[in-house]
Every structure is written in C-alpha cells, then in structure tokens.
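For reference, the structure discussed in these notes is given below.
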Amino acid sequence: MDSTVGVIFSSINEQNVPGLTKVRSMGSIPFGGRYRLVDFALSNMVNSGITTVGMITKSNYQSLMDHLGSGKYWDLARKEGGLILLPPYSDETETLYKNRLEALKGATAFLRKAKQDFVILADSDAVYKLDYSKVIDYHIKKNADITMVYHEHKLVKSHSYMTFDVAKDGRIDSIKINPVSDGVENNYINVMVARTSFLLRLIQDAIQHGYTSFGKDILSPGVSSYRLYGYKFDGYYKSIDSLATYFDANMDLLDKKIRTELFGDRDIYTKVNDSSPAKFAESASVKNSLISDGCLIEGTVENSILFRGVKIGKGAVVKNCILMTDNIVGENCTLSYVVSDKNSVIRDNRVLAGCEIQPYFINKGTLI
Amino acid sequence: MLTKKECVAMLLAGGQGSRLYALTSNIAKPAVSFGAKYRIIDFPLSNCINSGIDTVGVLTQYQPLVLNEYVGNGQPWDLDRTFGGVHILSPYEAKTDTSWYKGTANAIYQNIRFMKMYDPEYVLILSGDHIYKMDYDKMLAAHKAAKADCTIACMQVPLKEASRFGILNTNKDGTIYEFEEKPAHPKSDLASMGIYIFTAEKLFKYLELDNRNPDSENDFGKNVLPMMLKAGEKMYSYRFEGYWKDVGTISSLWEANMDLLGVSPKFELSDNDSVIHSKSPLAPPAFIEGEVINSIVATGGEIEGKIVNSVIGTNCIIEKGAEVIDSVLMGNITVKAGAKVNYSIIDEEVVIGEKAVIGAPVAEAQKVESKTSGITVLGRGVHVSKGGKVAAGEIADKNV
Numbered sequence: 228m229d230s231t232v233g234v235i236f237s238s239i240n241e242q243n244v245p246g247l248t249k250v251r252s253m254g255s256i257p258f259g260g261r262y263r264l265v266d267f268a269l270s271n272m273v274n275s276g277i278t279t280v281g282m283i284t285k286s287n288y289q290s291l292m293d294h295l296g297s298g299k300y301w302d303l304a305r306k307e308g309g310l311i312l313l314p315p316y317s318d319e320t321e322t323l324y325k326n327r328l329e330a331l332k333g334a335t336a337f338l339r340k341a342k343q344d345f346v347i348l349a350d351s352d353a354v355y356k357l358d359y360s361k362v363i364d365y366h367i368k369k370n371a372d373i374t375m376v377y378h379e380h381k382l383v384k385s386h387s388y389m390t391f392d393v394a395k396d397g398r399i400d401s402i403k404i405n406p407v408s409d410g411v412e413n414n415y416i417n418v419m420v421a422r423t424s425f426l427l428r429l430i431q432d433a434i435q436h437g438y439t440s441f442g443k444d445i446l447s448p449g450v451s452s453y454r455l456y457g458y459k460f461d462g463y464y465k466s467i468d469s470l471a472t473y474f475d476a477n478m479d480l481l482d483k484k485i486r487t488e489l490f491g492d493r494d495i496y497t498k499v500n501d502s503s504p505a506k507f508a509e510s511a512s513v514k515n516s517l518i519s520d521g522c523l524i525e526g527t528v529e530n531s532i533l534f535r536g537v538k539i540g541k542g543a544v545v546k547n548c549i550l551m552t553d554n555i556v557g558e559n560c561t562l563s564y565v566v567s568d569k570n571s572v573i574r575d576n577r578v579l580a581g582c583e584i585q586p587y588f589i590n591k592g593t594l595i
Numbered sequence: 057m058l059t060k061k062e063c064v065a066m067l068l069a070g071g072q073g074s075r076l077y078a079l080t081s082n083i084a085k086p087a088v089s090f091g092a093k094y095r096i097i098d099f100p101l102s103n104c105i106n107s108g109i110d111t112v113g114v115l116t117q118y119q120p121l122v123l124n125e126y127v128g129n130g131q132p133w134d135l136d137r138t139f140g141g142v143h144i145l146s147p148y149e150a151k152t153d154t155s156w157y158k159g160t161a162n163a164i165y166q167n168i169r170f171m172k173m174y175d176p177e178y179v180l181i182l183s184g185d186h187i188y189k190m191d192y193d194k195m196l197a198a199h200k201a202a203k204a205d206c207t208i209a210c211m212q213v214p215l216k217e218a219s220r221f222g223i224l225n226t227n228k229d230g231t232i233y234e235f236e237e238k239p240a241h242p243k244s245d246l247a248s249m250g251i252y253i254f255t256a257e258k259l260f261k262y263l264e265l266d267n268r269n270p271d272s273e274n275d276f277g278k279n280v281l282p283m284m285l286k287a288g289e290k291m292y293s294y295r296f297e298g299y300w301k302d303v304g305t306i307s308s309l310w311e312a313n314m315d316l317l318g319v320s321p322k323f324e325l326s327d328n329d330s331v332i333h334s335k336s337p338l339a340p341p342a343f344i345e346g347e348v349i350n351s352i353v354a355t356g357g358e359i360e361g362k363i364v365n366s367v368i369g370t371n372c373i374i375e376k377g378a379e380v381i382d383s384v385l386m387g388n389i390t391v392k393a394g395a396k397v398n399y400s401i402i403d404e405e406v407v408i409g410e411k412a413v414i415g416a417p418v419a420e421a422q423k424v425e426s427k428t429s430g431i432t433v434l435g436r437g438v439h440v441s442k443g444g445k446v447a448a449g450e451i452a453d454k455n456v
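Here you go:
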C-alpha cells in the first residue's frame, strides 16, 4: 500500500455537534473511553498499510495536534512520509476554507509532492473499521476514476448527505445530494479513492471554473463523464452528526459484538497515557460499563463510559452517562443521561438528568 | 552538542530470580509483570527519567528476550535519546576480560567503556527487582554536598528482618564505618537498598582493583564496598523514607501487588508528580459487568465474573460465574465460567478451564507447608483443563 497516500479531513461537519467542538476539532472529539474520533480513520489507514497521511486542519486544532504529536503512536513518525499536518492555507486573496473543495485546494501542494499513485480521502466524524486496501484493490479492478464507499442505512437527517444508486457492476448511476427519504439508502460515507493525478486535475478544474461544492459541482455531474464506482461497506458504521448519535455510538461499545468488531483483530491506535490501572473500592458497584485507566470508583456505575481519571464518589449513582477525562463526581450525586466534557467537577449531592435523545451536556471544565 | 552526562545509571537486570520459580522460567526478573499494567523494570526506569537521568545501561544476561523486546528503544520512558537514552548491555566477547557476568561488580566492570563514552562524574547503580518511587536527584545532591566517594541508599527495616539485607553501620553524621552483608546478628536496622551512587573515577578505580583480585566474588556488597571502606574512602548513607519493596520472592511479589489496593493504598501509583511509565497497551477500556470489589483492573479486560481484593492485568477475560479472590493476574489470562482462583499468582497467557479450582482461601492456604507461603503459582502459558485443580502452595509450569 506504499502506492497510496491518505488525506483526512479533521475539521468537517463541526456545526453538527457544537458543544463537543467548542474547544476542539471534529477529529479530536473524545470517544469510547480513550480514543479520539480521528483514531478510526487514521488507524484504518495505518492498518491498510498506508504510511503517508496528510491531516487537513482548520481552526481550534491545538487539541488535535496535542493528540497526534509526531504520529508515533500510529507508527507514522517517519523520515519518509508519515503523518503531516496540513494547516489551513490563506494569503491576501484567500480566507480560511469554507468547504471541502477549498480544503482540498489547501492540500494540493502536499498531493503534488506525494509519490503515491493513489489517494484516499476520509472524514473523521465516524466510527468504523474498514480495510481501505480492499477499496483500493476494488478501485484498480474496476479501472474506476473515483471509487466512493457507501453504507446502507436509513437517513437520519435530511441534509448534508449524499446518496447514490449503484448498478449491479458497482457503477454509480446517479447521485442525490441532500435527498429526503424514509427508506434505506446507499449513503456515501465520505471515503473516496482516486488516482492522485486525477484528483489533482479535478481540483485544478474546480479552481478554474470557480466551483464551490465537491459533491454538487464535481461528483454529481461526473456520473456521466467519469467512471464512478461504489464500494459497499457492510460493517458497523456510525457517523457522529448530533449529540444523540454521539451518545448512541458510545453506548454501542457496550455491545460485545460491536466492541469486538471495532477493537478485536487489529488495533485502533491512539495516544497512550501512563495512568495507573482503574481502581474499584470496597463500596464500588459497576455493571455494563467501560472503565478506563486512572479511574477511581467508590459509587455505583451502570451502562456508562468512563474516560481516563474519572472519580466517582461514595454513594454516587451514575447511569447511562459518558464522563470524559478527569471528571470528578462527588458523593451521593445522581447522574442519568449526562455527557460531561473533560475536567468537569460535579459537587456532592447534585442530581443531573437528561434523556436518551437529548442527553444533558456539560461543557469542558464546568463546576456544578 | 552535549558530549558528557553528569550521571549515568547502570541497572542490574541479569538476576535469574530463582525464588520466583515458574514466573522466571523464561524471562528475567525485571520483566515480570507487576500491578496489572507494569513490569518491574518500569519502576527504576521511570525513577531515572523522573530524576533527570536520561542515560541508562540495562545489564542483562539471563533469558533477556522479553526484557529486550520490552525495553526496546526506551520510548515508553522518554529514554529514546539521540545522545544517551537506554541501552541493553549483554555480555560480549573481546580479546581480554570478557565473559558471562560473574558478580554484580563484574557486570559493571565489563561495561566500563560504555560508561566512559558519556564521561560521567557520577554513576548510579540500580537493581531491577525493587518496587518504589525515588528521586535519585536528591540522593545525588546529598552525595555532592558530602563530597562523598560512594553513597548508599538505605532504609529502616524491622530488626528481626535485618539479617536478610546488607546492613549499614553508621556514625551520627551518616558516614558508614562498617558494611555487613546479611549479618546473623545485625548491629543496626539500616538496610541497604542496593542503590549506590559512586563518584565515577573511584568506581572505575575499585572495579579495576576488584577485577585483579582472583579471590574476589566480584560482588558490590561482599567485595567492592568493603574494599573501599577499608581503603578509607568517604562512604555515606542516604536515608530513604517511603515505600520500597524487594519483590524477589513469591510472597513479597504478592504483597507488593496487594499494597496497591484500597482508596489510600500503602503504595500510591496514581499521583501525577512521579508517573510510572510503561509500555501501555492499546486495548480499549475494561468492560465491567460482574462484581469488582477492592481491586484494580487494567485495560482490555472483559470482566463478567467476581473479583475481590485482586490485581487484574491487561486483556484478561473473567467469565460469568468465575471468581478471583486475593490473587494477582498478569496479562492475557482467561478464567472460564465457574472457575475459582484463590490466593494465587497467575502468569501471562494462562487459560483456566471451566469449574477449575486454583489455590485455596487465604486462611486455609497459609497453613499449607510450601516454599511460596501457600500461594499458588501458574507459570506463563499454562492451560488448566475443565474441572482441573491446582492445590494451595503448588507451582504449576506445565498444563494441568
């Protein structure tokens, strides 16, 4: 897979989860007790044998940089290639990019320098494990211009989606942008493969014609002029497009089957922290939960995801919650359907409750 | 470019650890798992980097494979440096003066050239089988302030246990007037912790002298330290107060693991000032469904059974109806449904079959006459078949 270079959009669709992206980019949203969302796309690349990855950033990417570092935890700290951050490009005439196409424009220098024949683009707002090398093999076999990965599921929202019809041989017949539908659709998951030179030509064309949308101006009309193919991915897939789906995707990890699919076999790489192992006190009672290193549990925890260093006080009852790194829950608190961002402190005896479709969200570093 | 290091650490990791029996059949003692996610060597290596010492020679010779793989380039401890860093030093062949390491002093002697590469003023000698957190920089400051030739870290031990240690007999000002290795009738309760700081030129001088003495056992405690004392070199004791445990025996290894349990444990790992670094595995957080009481559990666990007063390592699977009580489980262990594990140390990669019974409850087991004080030990990779039994105090290193 030395023939493929990866590009990840770390800062896409952030408006969908404003609370979680207030202090960080989409890719650095904490997930599943110890991961960040970008770990999935990035690990998929590494596990597919890709050794050069460009990470397109936009704003608020300090947290992302802190997470990625030199890329050593993904085995991407390399002399040749490795992980390369692509900060937003702007000059007197250009402002910060507003859409995917403009973001890609900022990556052209990186892509031109890349020696790899193929490029794979992926977003960082979804949880899934996919061997991209299979997509690339498929792309080569079909002699496609562009291969787009899709997943069959019901549309959750009716905007910022792209669906398509796929012929028996895999060729994409038509592309719909932001369709309204109640049924199961072939949803594009924003993973695509193309020849590097072909993608560069598309970007060049787009600049010349003043296009603004990659989907509307290039892919959709491209159905007739290019060989567009769909690659069906039928594993577990969940995109994070609201606080509710963020909550669901985390809770999905309590399902052994999904946990095994995502984390068994090949690793999902992430930044490693040297916290001590989780500690359960005499008074602890934990059911159906994920507990990370550094946690200290003195109370009751059920159906919850606890990130690193979370402390649950005596007599506290935490059910159906996601508590991020270093949250402190005081004694005799009762928490239900709470998503608490990092470093928050909930003082003794507090009662906080949300519900499944609208969890109670606590901003990073809040004292309650 | 820096061309010298003020202080170089040399970590003696060659011991066979024969009193750990099956746990060290295939690996060196410093590579033995500890505290759910660590290996013993994490402690001295982390202490080094936390004390500002970034050049460490690790002297290995017994079953070094796992240890070498684990230490790697030193990255988990920030010891992957362009100048300095961690180096594995195995015995090598040269025209003269090389062989398998004979004693502790001989091991260091054979690596004089390694130390000299860094032109150090001081050399810190460490053991690879102790669990503790210590700021060596404070000890070095004391060594410098006293203008000592050798400083030995020591701590108070109960007088009745003193004959198990090297004992320092000191004057009021901390200078040492006598060093007794495992005395039958100890005069003092100050035990050497096996941690020495030498002024480099003195160390090199006495190692050369020791090497020339055909009667010497080439051991620091027995030969080099007494020789220096006799020659009138300035030798100081350095009092350490805090948690320190030699985990050279099955029972002390078990105790040290248990010392991590509780909200205010005897040995606290989770303070942020002196983090113990390790090659943290990439597993997802532990999934807890069963009953986990007064225990610690590392990442990757799938815990559906009952865990009481135990230390559970990385990627352990404890099935429904299984019970683990007063035990230490290292990594990648499966305890199948209905199995019971009591008062045991279980090494990595062990599989315990359905309804198997390992060990006996503490009170009962401690009455059993055995070389492990009643603790049951399963060696690396042992499979215990369905309904199998390993009695209290037994050591199993083959499938049961």
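In order, the protein sequences belong to chains V and A. This note's numbering numbers the first residue of the first sequence as 228 and each following residue consecutively. This note's numbering numbers the first residue of the second sequence as 57 and each following residue consecutively. Glycine included, C-beta positions come from ideal geometry on N, C-alpha and C. Note that the structure is a prediction, hence the values are computed from the model and not measured.
Same chain, Cβ closer than 6 Å to residue i, neighbours up to 5 away in sequence not counted
i        : result
Leu579/V : Leu562, Val565, Tyr587
Leu550/V : Leu533, Val537, Ser567
Ser385/V : Below a pLDDT of 50, predicted positions are generally treated as unreliable, and Ser385/V, at 49, falls in that range; the measurement from the model is reported next regardless. Only Val407 meet the Cβ criterion.
Leu523/V : Lys506, Lys538
Thr552/V : Phe534, Arg535, Gly536, Lys569
Gly233/V : Met272, Ile277, Val280, Ile347
Pro242/A : Ala218, Ser219, Ile223
Asn106/A : Ser330
Same chain only: Cβ atoms within 7 Å of residue i, ignoring 5 sequence neighbours per side
i        : result
Gly457/V : Met375, Tyr377, Phe391, Val393, Gly397, Ile399, Asn413
Asp302/V : Val273
Tyr300/V : Tyr496, Thr497, Lys498, Val499
Met195/A : Thr207, Ala209, Ile253, Tyr294
Arg344/V : The sequence shown places Asp at residue 344/V, not Arg. Hits under 7 Å: Ser230, Arg422, Thr423.
Thr439/V : Asn326, Leu328
Sequence-distant residues of its chain with Cβ nearer than 8 Å to residue i (five each side left out)
i        : result
Ser596/V : The structure shown has nothing for residue 596/V, since chain V only spans 228 to 595.
Ile311/V : Thr279, Val280, Gly281, Met282, Phe337
Lys258/A : Asp205, Cys206, Met284, Glu289
Under 9 Å from the C-beta of residue i: neighbouring residues of chain V
i        : result
Ile352/A : Ser503, Pro504, Ala505, Lys506, Phe507
Phe90/A  : Chain V residues near Phe90/A: none, gap ~11 Å exceeds 9 Å.
Contacts of residue i in chain A (Cβ-Cβ under 7 Å)
i        : result
Phe428/V : Reading off the sequence shown, one finds Arg at residue 428/V, where the question assumed Phe. In chain order: nothing, as chain A lies at least about 39 Å away.
Tyr496/V : Leu338
Gly260/V : Pro340, Pro341
Ala511/V : Val348, Ile349
Within chain V, the residues that residue i reaches when beta carbons sit closer than 8 Å
i        : result
His333/A : Asp501
Host alpha helix (DSSP H) of residue i (start-end)
i        : result
Ala433/V : 423–436
Asp136/A : Run containing Asp136/A: none; DSSP gives neither H nor E here.
Thr552/V : That residue, Thr552/V, is in no alpha helix (DSSP H); it is neither H nor E in DSSP.
Ala312/A : 306–314
Gly449/V : 447–452
Asn243/V : From DSSP, Asn243/V is part of no alpha helix (DSSP H); its letter is neither H nor E.
Continuous beta strand (DSSP E) stretch holding residue i: start and end
i        : result
Ile187/A : 186–188
Lys216/A : Note, Lys216/A: premise wrong, no beta strand (DSSP E); not H, not E.
Thr231/V : 231–236
Asp400/V : 399–404
Cys63/A  : 63–68
Thr432/A : 432–434
Asn398/A : 396–398
Asn465/A : Residue 465/A is absent from the structure shown; chain A starts at 57 and stops at 456.
Chain D contact for residue i (CB, 7 Å cutoff)
i        : result
Lys286/A : Of the chains in the structure shown, none is chain D; the protein chains are V and A.
Neighbour list for residue i in chain V, Cβ cutoff strictly below 7 Å
i        : result
Leu325/A : Ser503
Lys458/A : The structure shown does not extend to residue 458/A, since chain A is modelled only from 57 to 456, so the question has no answer here.
Thr111/A : The contacting residues do not exist; Thr111/A stays about 21 Å from chain V at best.
Any non-hydrogen atom of the ligand FMN closer than 6 Å to residue i Cβ
i        : result
Val112/A : You won't find the ligand FMN in this model; it holds no ligand whatsoever.
* the region 374–401 of chain A: which residues have C-beta closer than 7 Å to a C-beta of chain V, in chain order? -> Residues of the region 374–401 of chain A with a C-beta less than 7 Å from any C-beta of chain V: none at all.
* Proximal residues, the region 466–491 of chain V versus chain A, C-beta separation under 9 Å -> Listed by position along the chain: Leu480, Leu481, Lys483, Arg486, Leu489, Phe490.
* Asked: What residues in the region 513–533 of chain V have a beta carbon less than 9 Å from any beta carbon of chain A?
  -> Answer in chain order: Val513, Lys514, Asn515, Ser516, Leu517, Ile518, Ser519, Asp520, Gly521, Cys522, Leu523, Ile524, Glu525, Val528, Ile532, Leu533.
* Contact list for the region 337–352 of chain A against chain V, Cβ threshold 9 Å -> So the close ones are Pro337, Leu338, Ala339, Pro340, Pro341, Ala342, Phe343, Ile344, Glu345, Gly346, Glu347, Val348, Ile349, Asn350, Ser351, Ile352.
* Asked: Which whole runs of the alpha helix (DSSP H) in the region 283–360 of chain A are 4 residues long or more, in chain order?
  -> Every alpha helix (DSSP H) of 4 residues or more that sits fully in the region 283–360 of chain A is shown, in chain order, as 306–314.
* Of all the residues that make up the region 303–330 of chain A, which are near chain V by a beta-carbon distance shorter than 7 Å? -> Listed in sequence order: Val319, Leu325, Ser326.
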